[in-house]
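Residue numbers (my numbering): 2 to 147.
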């Protein structure tokens, strides 16, 4: 019997390549997301430290210009944090879209792989049946000539 050949092998290979590419894109998006989360955490830490310093100096006594300077600095940090939070949300949405695309590509690839396994199983059964018939014919013909 001839060797097993899956008719959709080229499609399966293409789908696997697409899946790998999408997984790479998702990994990159996830990396950007984690980096942005870390950046935002550092910014919040900087804000808390600056605010704590402001409160300590305010309690100890400071000039109005120093107080205004601290308040202005806090507003700048708040604005930067807001901007980076918006960027984080964009990264989250991008990562989610890419994850959904990976899931969909996995489903497509898995369905073709299942079909391949089913066809391979049918092929192997046919080979086994063919070999069984060959052995029966061989034994039968040997017994016939003996």
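Here a beta-carbon is modelled for each residue, glycine too, at the ideal position from N, C-alpha and C. Predicted model, so just to flag it, every value in this text is computed and none were measured.
Asked, Found
"By how many angstroms is the C-alpha of residue 53 removed from the C-alpha of residue 33?", "30 Å"
"Pull up the distance between the alpha-carbon of residue 105 and that of residue 38, whole angstroms please.", "27 Å"
"Please name the residue, chosen from 143, 40, 76 and 3, that lies closest to residue 92 on a Cα-to-Cα basis.", "40"
"State yes or no: is the C-beta of residue 9 within less than 9 Å of the C-beta of residue 110?", "no"
"Along the chain, where does the alpha helix (DSSP H) that runs through residue 25 open and close?", "10-61"
"So, is residue 99 buried or exposed, given that buried needs 16 or more other C-beta atoms within 10 angstroms?", "buried"
"Does DSSP put residue 135 in a helix, in a strand, or in coil?", "helix"
"Counting Cβ pairs closer than 8 Å, one from the segment 78-87 and one from the segment 114-126, do we hit at least three?", "no"
"Check each candidate in 82, 123, 103 and 124 and name the one with the smallest Cα separation from residue 49.", "82"
"What residues in its chain sit with their C-beta under 8 Å from that of residue 44, if we drop five residues either side in the sequence?", "78, 81, 82 and 85"
"From this set, 102, 124 and 122, which residue's C-alpha is nearest residue 30's C-alpha?", "102"
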